[in-house]
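Report on the structure given below.
Protein chains: 2
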Amino acid sequence: MNTRSTQDWLDAVAWNDEGLVPAIAQDHGHGRVLMLAWMNREALSLTLSEGRAVYYSRSRQRIWRKGEESGHVQKLIQLRLDCDGDALLLEVEQIGGIACHTGRASCFYRAPVAASADHAAYWQDVDAVIQSEESIYGSAE
Amino acid sequence: MNTRSTQDWLDAVAWNDEGLVPAIAQDHGHGRVLMLAWMNREALSLTLSEGRAVYYSRSRQRIWRKGEESGHVQKLIQLRLDCDGDALLLEVEQIGGIACHTGRASCFYRAPVAASADHAAYWQDVDAVIQSEESIYGSAE
């Protein structure tokens, strides 16, 4: 369905009961999926107008400009909405090459380790830490 | 945080109030993000044991083996959990090269078209339909 007739592009998004929609960030260069976060109307609007990923932090309950503390800003290259309007995809340039607060390139660094053929017993960290959390956020905070 | 000590790998997932977690499917070959769907405990367990993407359909309120009607099965290549445990990433082989029910390669086929420098007026379909919905699901249904 084309939403060309929708006057407000923000109305075309199927916001959930909390007024949020999941947003996936993917690295424009190597193509790796970096993280999943959430946006409200203001965050999506700011993302497009500022040309950088702006999320809504559910834990802090406020607008969160990705990289505001760490410097690991995500420059917006391309934005996409899915068929049902209930998920967003951001192609970004990840400044510093680190998206995760743990200092890893991507937040998706845990893989299941199977104890038997069809049952996984635990998740194992499979990606290296590029920079320590202390070094990113500072010990004085 | 390593969850090695967690006996049940399913308990390490931060299920939401509805017992669900968002799952991103990414194509193993070209790296494109194909779709975002949801999983409950059973869906995640089946995904790993059956080696294919099994979601929980919120609209139909039942387990949904991706491709069960269309044939567009997603073979599981790799599974990842994110740092907070509240999002999953599936690297898949997309059978038929079509993930979207609209017959497109990816569900993320709508891009904002700006009416002015910082305000987008509408979303435009920017990807081609590979196969028609009628052809995928049949007209007899």
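Heads up: the sequence lines are chains A and B, in that order. Going by the numbering used here, 110 is the number at position 8 of the first sequence; the sequence numbering is gapless. Going by the numbering used here, 225 is the number at position 123 of the second sequence; the sequence numbering is gapless. Every residue gets a Cβ at the ideal spot worked out from N, C-alpha and C, and that includes glycine.
Proximity to B:E152 across B:S234, B:D186, B:S159 and B:V194 peaks at B:V194, based on C-alpha coordinates. Within 9 Å of the CB of B:A207, no CB atom of chain A is found; the nearest one sits about 12 Å away. Taking 7 Å as the cut-off, the Cβ atoms of A:M141 and A:A127 do not count as close.
Counting C-beta atoms within 10 angstroms of its own C-beta, A:Q163 has fewer than 16 neighbours from the protein chains shown and is therefore classed as exposed. A Cβ of chain A is located within less than 7 Å of the beta carbon of B:L183. By the Cβ test, the stretch 179 to 197 of chain A is in contact with the stretch 200 to 218 of chain B, since at least three Cβ pairs between them sit closer than 8 Å. At a cut-off of 7 Å, the C-beta of A:Y239 has no neighbouring C-beta in chain B. A Cβ of chain B is located within less than 7 Å of the beta carbon of A:Q128. Counted as a single uninterrupted DSSP element, the stretch harbouring A:E170 is not any beta strand (DSSP E), since DSSP gives it neither H nor E.
The straight-line gap separating the alpha-carbon atoms of B:D119 and A:D119 is approximately 12 Å.
The three-state reading of DSSP puts B:E152 in helix, counting H, G and I together. Taking C-alpha positions only, B:V215 is separated from A:R167 by approximately 23 Å. Straight across, the Cα-Cα distance linking B:L191 with A:L136 is about 10 Å. DSSP places B:A230 in the coil class of the three-state scheme, outside both helix and strand. If you draw a straight line from the Cα of A:L146 to the Cα of A:Y211, it comes to about 26 Å.
For the pair B:W117 and B:R160, the Cα-to-Cα distance works out to about 14 Å. Collapsing the DSSP output to three states places B:S159 in a strand.
As DSSP reads the structure, A:W140 sits in a beta bridge with A:P124.
In the three-state scheme derived from DSSP, where H, G and I count as helix and E and B as strand, B:I197 is classed as helix. Residue environment analysis places A:D129 among the buried positions, since at least 16 neighbouring C-beta atoms fall within 10 angstroms of its C-beta.
For A:G198 and A:H174, the gap between their C-alpha atoms comes out near 6 Å.
Contact check for A:A213 against A:V231 fails: the beta carbons are separated by 7 Å or more. For A:R182, the enclosing beta strand (DSSP E) stretches over residues Q176 to L183.
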